[in-house]
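What follows is a short report on a single structure.
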Amino acid sequence: MAQDPSNVKRSPSAAAEGCRPTPALFQETLCVLECLVPAGASYDVRCEGLLGCWREPPYAYFFFAGPTEEKARASLEAVGFRVTGRYELAYAQWQRLPSRILDVGPFRIAFGPFDEETLPHLRHLIALNPGLVFGSGMHPTTQLCLRLLGRVFRPEAMTTVVDLGTGTGVLALAAARLGARRVVAVDVNPLAVREAAANVRENGLSRRVFLMVAESLHAIGPFGDLLLMNLEWPGLRAVLETDGWKRFPWVLCSGYLHEQAPIVQARFSRTHKLQATMAHEGWEASFWAGAAL
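Written out as structure tokens, the structure is:
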């Protein structure tokens with residue numbers, strides 16, 4: 001066996017299409033089939049109950065709602081995957097969620113049914129179903145981004161926003177709630193884009209938030225006043241080594257620890273000026289403005 005799936009790092013990865021997790025799933029047991037990935041594998045696997053797939057080379061983990069049947073194994077093996085393990089774990093072991101409501105900065109994140117009349121004054125509502133995708137709002141880096149975004153966002157200047165590595169779409173939704181006219185949310189993971197698109201529809205923001213499966217900023221062209229990046233450190237560092245982010249007048253980023261901050265600052269200081277920082281539980285987030293501003 002490769003590793004316990006409850007410890008699998010949630011990184012951008014290819015994902016198979018499947019049924020969308022519902023709030024009822026949050027109380028259920030997930031069944032996970034661990035597979036050895038063949039060379040040139042196609043992740044276009046379709047079978048009943050499939051929620052999605054996370055890659056941790058050389059293994060892939062296929063998530064199912066409830067117990068799997070032999071036809072699930074047969075579907076995987078038919079396209080070359082070799083099942084090497086089977087696990088069951090509670091949804092809470094994969095994704096930590098609050099009971100129903102999470103208040104972060106100026107935002108209230110609601111999981112499941114809610115009554116808008118009870119929404120506290122000056123809080124922006126985000127209805128969210130994270131499914132299997134990173135971005136429930138519980139991780140320190142997500143909370144840092146939400147708090148810092150609420151502090152620095154200027155709707156009159158930051159009319160267009162790009163959210164790179166959108167996950168559930170929570171940061172894209174937050175930017176739209178604050179007044180961004182158009183948000184492009186990008187993720188390399190098709191499962192993340194599917195979940196984020198469903199969350200965008202749930203929040204009634206389909207005319208302002210647009211989703212895209214892409215591996216880099218080059219796919220969106222010269223668009224965006226503000227760039228949001230909450231990425232795992234290897235991904236963030238790789239992006240900062242490219243030039244795509246440098247054209248943005250403002251950048252808000254997180255996903256790095258305190259000891260990694262000097263590397264981030266060295267990258268940004270060549271083209272941008274530090275405007276604000278926040279820290280929580282050893283993690284940091286920073287907001288940068290182009291040197292010309």
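In our numbering, the protein residues as written are 1 to 293.
The beta-carbon is built from N, C-alpha and C at its ideal position, and this holds for glycine as well.
Helix, strand or coil, according to DSSP, for Arg82 in the structure here? As a first step, residue 82 must be located in the sequence shown, where it is residue number 82. In this structure, Arg82 counts as strand in the three-state DSSP scheme.
His272 to Leu227 span [Cα, whole Å]: Position 272 of the sequence shown, counted from the first residue, corresponds to residue 272. Position 227 of the sequence shown, counted from the first residue, corresponds to residue 227. One C-alpha to the other measures close to 13 Å.
Buried or exposed by the 16-neighbour rule on C-beta atoms within 10 Å, applied to Ser286: In the sequence shown, counting from the first residue as 1, residue 286 sits at position 286. With 16 or more Cβ atoms within 10 Å of its Cβ, Ser286 is classed as buried.
Rounded to the nearest angstrom, how far is the Cβ of Leu211 from that of Val200, given a contact under 8 Å? Translated into the one-based positions of the sequence shown, residue 211 becomes position 211. Translated into the one-based positions of the sequence shown, residue 200 becomes position 200. Sure, about 7 Å apart at Cβ, within 8 Å.
According to DSSP, simplified to helix, strand and coil, what is Leu36? Taking the first residue of the sequence shown as 1, we reach residue 36 at position 36. Here Leu36 sits in strand by DSSP.
Looking at the unbroken beta strand (DSSP E) that takes in Arg108, where does it start and where does it end? Locating residue 108 in the sequence shown gives position 108, counting from the first residue. Arg108 -> beta strand (DSSP E) spans 107-110.
Where Ala219 falls, given that 16 or more other Cβ within 10 Å makes a residue buried: Within the sequence shown, numbered from 1, the residue matching residue 219 stands at position 219. Exposed, because fewer than 16 other Cβ atoms sit within 10 Å of the Cβ of Ala219.
Please classify Arg177 as buried or exposed, where buried requires at least 16 other C-beta atoms within 10 Å of its C-beta. If you number the sequence shown from 1, residue 177 lands on position 177. Under this definition Arg177 is a buried residue.
Runs of 4 residues minimum, wholly inside the segment 211-252: which ones carry the alpha helix (DSSP H) assignment? Entirely contained in the segment 211-252, the alpha helix (DSSP H) runs reaching 4 residues are, in chain order, 233-240.
Around the Cβ of Val186, are there at least 16 other Cβ atoms within 10 angstroms (buried) or fewer (exposed)? Here residue 186 is taken as the residue at index 186 of the sequence shown, counted from 1. Around the beta carbon of Val186, 16 or more other beta carbons sit within 10 angstroms, so the residue counts as buried.
Quick check on Glu281: does DSSP put it in helix, strand or coil? Indexing the sequence shown from 1 puts residue 281 at position 281. Three-state DSSP puts Glu281 in coil, outside helix and strand.
First through last residue of the alpha helix (DSSP H) which encompasses Phe268: For the purposes of this step, residue 268 is identified with residue 268 of the sequence shown, where counting begins at 1. Its alpha helix (DSSP H) spans residues 261-268.
Since Gly52 is in the beta strand (DSSP E), which residue starts that stretch and which ends it? As a position in the sequence shown, residue 52 is number 52, starting the count at 1. Element bounds for Gly52: 50-56.
Report yes if the C-beta distance between Leu205 and Leu173 is below 8 Å; otherwise report no. What you label residue 205 is simply residue 205 of the sequence shown in a count that begins at 1. What you label residue 173 is simply residue 173 of the sequence shown in a count that begins at 1. Contact: yes.
Cβ-Cβ separation, Pro140 to Trp233 (assumed contact under 8 Å), whole Å: Within the sequence shown, residue 233 is the residue found at index 233, counting from 1. Within the sequence shown, residue 140 is the residue found at index 140, counting from 1. The pair is not a contact, with the Cβ atoms about 13 Å apart (cut-off 8 Å).
Arg46, buried or exposed, once every other Cβ within 10 Å from all chains shown has been counted against 16: Taking the first residue of the sequence shown as position 1, residue 46 is located at position 46. Residue burial is scored here from C-beta neighbours: Arg46 has fewer than 16 other C-beta atoms within 10 angstroms and is therefore classed as exposed.
For chain E, find out if any of its Cβ atoms is closer than 8 Å to the Cβ of Gly105; answer yes or no. Note that chain E does not occur in the displayed structure, where there is just one protein chain.
In terms of residue numbering, what span does the alpha helix (DSSP H) encompassing Leu149 cover? The residue given as residue 149 occupies position 149 in the sequence shown. Segment 140-152, the alpha helix (DSSP H) holding Leu149.
Rounded straight-line distance, which links the Cα of Gly165 to that of Val184: The count along the sequence shown starts at 1 and reaches residue 184 at position 184. The count along the sequence shown starts at 1 and reaches residue 165 at position 165. Straight-line Cα distance between these residues: approximately 11 Å.
Between Ala65 and Leu33, how many whole angstroms is the CB-CB distance? I'm expecting something under 8 Å. For the purposes of this step, residue 65 is identified with residue 65 of the sequence shown, where counting begins at 1. For the purposes of this step, residue 33 is identified with residue 33 of the sequence shown, where counting begins at 1. The pair is not a contact, with the Cβ atoms about 13 Å apart (cut-off 8 Å).
Whose CA, out of Glu48, Leu30, Ser216, lies closest to the CA of Ala74? On the sequence shown, position 74 is the one that residue 74 refers to. Selected option, being the one with the closest Cα: Glu48.
Could you check the C-alpha separation between Arg181 and Gly169 for me, to the nearest Å? On the sequence shown, residue 181 is found 181 positions in, with the first residue counted as 1. On the sequence shown, residue 169 is found 169 positions in, with the first residue counted as 1. Going from the Cα of Arg181 to the Cα of Gly169 covers about 16 Å.
Would you call the CB atoms of Pro249 and Ala289 closer than 8 Å? Looking up residue 249 in the sequence shown gives position 249. Looking up residue 289 in the sequence shown gives position 289. Against a cut-off of 8 Å, the Cβ pair of Ala289 and Pro249 comes out as a contact.
Output yes or no for whether 8 Å exceeds the beta carbon distance between Cys145 and Asn230. As a first step, residue 145 must be located in the sequence shown, where it is residue number 145. As a first step, residue 230 must be located in the sequence shown, where it is residue number 230. Yes, the pair counts as a contact, with Cβ atoms nearer than the cut-off.
Counted within 10 angstroms of its Cβ, other Cβ atoms place Ala110 as buried (16 or more) or exposed: Position 110 of the sequence shown, counting from 1, holds the residue named residue 110. Counting Cβ neighbours within 10 Å, Ala110 comes out buried, since at least 16 surround it.
If you draw a straight line from the C-alpha of Val161 to the C-alpha of Gly224, how long is it? Position 161 of the sequence shown, counting from 1, holds the residue named residue 161. Position 224 of the sequence shown, counting from 1, holds the residue named residue 224. Cα to Cα, Val161 sits roughly 5 Å from Gly224.
Check for me: the beta strand (DSSP E) holding Leu293 runs from which residue to which? Looking up residue 293 in the sequence shown gives position 293. Here Leu293 belongs to no beta strand (DSSP E), and DSSP marks it neither H nor E.
I'd like to check one pair, Arg82 with Cys35: are the Cβ atoms closer than 8 Å? The residue given as residue 35 occupies position 35 in the sequence shown. The residue given as residue 82 occupies position 82 in the sequence shown. For Cys35 and Arg82, yes; Cβs fall inside 8 Å.
Could you tell me the boundaries of the alpha helix (DSSP H) in which Arg177 lies? In the sequence shown, residue 177 corresponds to position 177, counting from 1. Per DSSP, Arg177 belongs to the alpha helix (DSSP H) from 170-178.
Going by other Cβ atoms of all chains shown within 10 Å of its Cβ, with 16 needed for buried, is Asp163 buried or exposed? As a first step, residue 163 must be located in the sequence shown, where it is residue number 163. Its Cβ being crowded by 16 or more others within 10 Å, Asp163 is buried.
Own chain partners of Leu252 with C-beta closer than 8 Å, once the 5 adjacent residues on each side are dropped: Within the sequence shown, the letter at position 252 stands for residue 252. Cβ within range, chain order: Cys145, Leu148, Leu149, Val152, Leu226, Leu227, Leu228, Met229, Ala285, Ser286, Phe287, Trp288.
So the alpha helix (DSSP H) Arg194 belongs to, where does it begin and stop? Mapped onto the sequence shown, residue 194 falls at position 194. Per DSSP, the unbroken alpha helix (DSSP H) holding Arg194 starts and ends at 190-202.
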